[in-house]
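S.K.:
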Amino acid sequence: MTRTFAILGLAFALGACASSNTSVRQAAAPADDADARIAADGPGSERICKSTPITGSRAMKRVCHTRDEWAQMRRNAEETVRQTQQRPTGHFENQGGGG
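Every letter in the sequence shown is one number past the one before it in numbering that gives the first Met the number 0, and letter 65, counting from 1, is 64.
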């Protein structure tokens with residue numbers, strides 16, 4: 000009886016893996032069509048796609064933006080890091096003690 004449940008559990012687990020993999024492939028297909036269309040309006044308007052990991056999954060997500068948009072996102076991230084590093088933490092303010 001336990002063996003039957005183990006086999007059924009394994010079958011369901013494999014079926015779930017196969018179905019999620021198929022949906023990832025189907026979701027990626029429209030992105031491939033969008034990649035075929037490249038805007039040629041200006042020097043920074045070409046479309047660049049990058050694969051980013053999805054938290055909790057082995058699948059990757061394609062994110063597409065223009066060269067100018069990627070540069071702006073990079074600048075925003077660098078500015079956020081700079082501001083975070085310059086902000087005082089307040090860790091040493093209320094130590095008390097000393098004697």
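Note that the Cβ used here is the ideal one computed from N, Cα and C, for glycine as well.
Taking the continuous alpha helix (DSSP H) assigned at Thr79, which residues delimit it?
M.R.: Run containing Thr79: 66-85, per the alpha helix (DSSP H) assignment.
S.K.: In the structure shown, what three-state DSSP assignment does Ile53 receive?
M.R.: Residue state, collapsed to three classes: coil.
S.K.: What is the rounded straight-line gap between the Cα of Lys60 and the Cα of Ile53?
M.R.: Near 6 Å, if we compare the C-alpha coordinates of Ile53 and Lys60.
S.K.: Look at the Cβ atom of Gly43, then the Cβ atom of Arg57, and state whether they are nearer than 7 Å.
M.R.: Against a cut-off of 7 Å, the Cβ pair of Arg57 and Gly43 comes out as no contact.
S.K.: If you draw a straight line from the C-alpha of Arg73 to the C-alpha of Gly41, how long is it?
M.R.: Whole-angstrom Cα-Cα distance: 20 Å.
S.K.: Can you list, in chain order, the residues of its chain with a C-beta nearer than 6 Å to that of Val62? Leave out the 5 residues immediately preceding and following it.
M.R.: The residues are Lys49, Thr51.
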